[in-house]
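Trainee: Each residue of the sequence shown is one higher than the one before, starting from 12 at the first, in my numbering.
All C-beta atoms in this analysis are idealised placements derived from N, C-alpha and C, irrespective of residue type, glycine included.
Treat the numbers as computed from the prediction; the structure is a model and nothing was measured.
Let me begin by handing over the structure; questions about it come next.
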Amino acid sequence: GGTALQRAYELAASHFLPEGNNRVILATDGDFNIGISSPEELEKFIVEKRQTGIYLSALGFGMGNIQDGKLELLADKGNGNYAYIDNLEEAEKLFITEGSGTLFTIAEDVKLQVEFDSSVVSAYRLIGYENRLLAREDFENDAKDAGELGAGHTVTALYELEPRVTAASGAGKTPATVHLRYKRPREAQSYYLRHETAPAVQPVEQASENFRFSAAVAAFALLLRDSQYKGQASFEAVAQLAENARQADLEGHRDEFVELVKKAEKLSHLAAKR
Numbered sequence: 012g013g014t015a016l017q018r019a020y021e022l023a024a025s026h027f028l029p030e031g032n033n034r035v036i037l038a039t040d041g042d043f044n045i046g047i048s049s050p051e052e053l054e055k056f057i058v059e060k061r062q063t064g065i066y067l068s069a070l071g072f073g074m075g076n077i078q079d080g081k082l083e084l085l086a087d088k089g090n091g092n093y094a095y096i097d098n099l100e101e102a103e104k105l106f107i108t109e110g111s112g113t114l115f116t117i118a119e120d121v122k123l124q125v126e127f128d129s130s131v132v133s134a135y136r137l138i139g140y141e142n143r144l145l146a147r148e149d150f151e152n153d154a155k156d157a158g159e160l161g162a163g164h165t166v167t168a169l170y171e172l173e174p175r176v177t178a179a180s181g182a183g184k185t186p187a188t189v190h191l192r193y194k195r196p197r198e199a200q201s202y203y204l205r206h207e208t209a210p211a212v213q214p215v216e217q218a219s220e221n222f223r224f225s226a227a228v229a230a231f232a233l234l235l236r237d238s239q240y241k242g243q244a245s246f247e248a249v250a251q252l253a254e255n256a257r258q259a260d261l262e263g264h265r266d267e268f269v270e271l272v273k274k275a276e277k278l279s280h281l282a283a284k285r
């Protein structure tokens, strides 16, 4: 509970390393019933500790009472990351396969802003990231907290676009400009990068494996939420898209995802028969 979390921060402070990785790792179901318990008090406490250089990563355990959303929010406030651990393989993935990215932050307050050319794109929609959105004016505000990037980690954002022009008439035009800001660890001033995207249009079958797999994961999430934006997506189509993007699956995680999609498809068929 909250009392144990306070004690963990006290221990981290007593062993603080000025140039080190000072972090509390919280393993819990998210039920804070002792000590600091209200969400507002917990967030305030974690933000205060973050400002002293002690970060928080959260691990969710258990079923039934798991406070998934709360733990993700607390980890976000603590400049850390959140993961749900349901078996030994997931723990090994988090701390061994992806250990450096989980525990070592290389960029803080990372902000991305995508600017579309209105002569090429008539409408756009960011898929997901609802709890990560920033106001437009906060992009240049270095006092505004944002996301962190771990060593070896990448971030993928998918947009759904409605083109204003055909591929032929829009040839040569830059459809979007990506603006990036980030801070080096323990620094207060951000650095700025800008990248203009290449004017390329290609069928999804010709896209990279990583793109196709990311698209499959996004479509799966839309189906699970029964999103109004799911369009013609189906569990079968998601599984097929992911199955054809598994050559880089050294750890077997993409295979695991495909099996999860197939299980969800079977459950949806059973639910439809009731």
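Could you please give me the residues that DSSP links to Y66 through a beta bridge?
Mentor: Y66 is bridged to R34.
Trainee: For A23 and Y93, I'd like the C-alpha separation in whole angstroms.
Mentor: Near 19 Å, if we compare the C-alpha coordinates of Y93 and A23.
Trainee: Which runs of the beta strand (DSSP E), 3 residues or longer, sit entirely within the stretch 163-221?
Mentor: Runs found: 169-174, 187-194 and 202-207.
Trainee: Which residues mark the beginning and the end of the alpha helix (DSSP H) in which R265 is found?
Mentor: Its alpha helix (DSSP H) spans residues H264 to K284.
Trainee: Let's test the definition: count the other Cβ atoms within 10 Å of the Cβ of F27 and tell me whether it reaches 16, buried, or not, exposed.
Mentor: So F27 ends up on the exposed side.
Trainee: Hey, out of E54, A168 and A86, whose CA is closest to Y66's CA?
Mentor: Nearest of E54, A168 and A86 to Y66, Cα basis: A86.
Trainee: Out of D42, A218, K122 and K81, point me to the one whose CA is closest to Y203's CA.
Mentor: Out of D42, A218, K122 and K81, K122 has the C-alpha closest to the C-alpha of Y203.
Trainee: Could you round the C-beta distance between K88 and I57 to whole angstroms and report it? I think they count as a contact, below 8 Å.
Mentor: Yes, K88 and I57 are in contact; Cβ-Cβ is about 5 Å, under 8 Å.
Trainee: Would a C-beta distance cut-off of 8 Å place T136 and G158 closer than the cut-off?
Mentor: With the sequence shown as reference, residue 136 is identified as Arg, and Thr is not the correct amino acid for it. Not closer than 8 Å, so no.
Trainee: Using a Cβ-Cβ cutoff of less than 7 Å, which residues in the same chain neighbour E220 once the five nearest sequence positions on both sides are dropped?
Mentor: Closer than 7 Å at Cβ, skipping near neighbours: A256, Q258 and A259.
Trainee: I'd like to check one pair, Q124 with H206: are the Cβ atoms closer than 8 Å?
Mentor: No, they are not a contact pair.
Trainee: Across the stretch 246-253 and the stretch 271-278, are there enough close Cβ pairs to call them in contact, namely three or more that are closer than 8 Å?
Mentor: Enough Cβ pairs lie closer than 8 Å, so yes.
Trainee: By alpha-carbon positions, which one of T116, L99 and A19 ends up nearest to G31?
Mentor: Closest option to G31, Cα to Cα, is T116.
Trainee: Going by DSSP, name the residue or residues bridged to I138.
Mentor: DSSP, once it has assigned bridges, lists L169 as partnering I138.
Trainee: Starting from D87, follow the beta strand (DSSP E) in both directions and report where the run begins and ends.
Mentor: Run containing D87: none in the beta strand (DSSP E); it sits in the alpha helix (DSSP H), D79 to K88.
Trainee: The beta strand (DSSP E) that contains Y93, what's its start and end?
Mentor: First-last of the beta strand (DSSP E) with Y93: Y93 to Y95.
Trainee: Does the Cβ-Cβ distance between S111 and G64 come in under 8 Å?
Mentor: In this structure, G64 does not lie closer than 8 Å to S111 by Cβ.
Trainee: Are the beta-carbon atoms belonging to S133 and R175 less than 8 Å from one another?
Mentor: The answer is yes: Cβ separation under 8 Å.
Trainee: Which same chain residues, not among the five before or five after A227, have their C-beta less than 6 Å away from its C-beta?
Mentor: Around A227: V249, L252 and A253.
Trainee: Under a three-way DSSP split, which group does K122 fall into?
Mentor: DSSP places K122 in strand when its eight states are reduced to three.
Trainee: For L114, which of helix, strand or coil comes out of DSSP?
Mentor: If DSSP states are grouped into helix, strand and coil, L114 belongs with the helices.
Trainee: Among G75, K104 and E51, which residue has its Cα nearest to the Cα of E267?
Mentor: Ranking G75, K104 and E51 by Cα distance to E267 puts K104 first.
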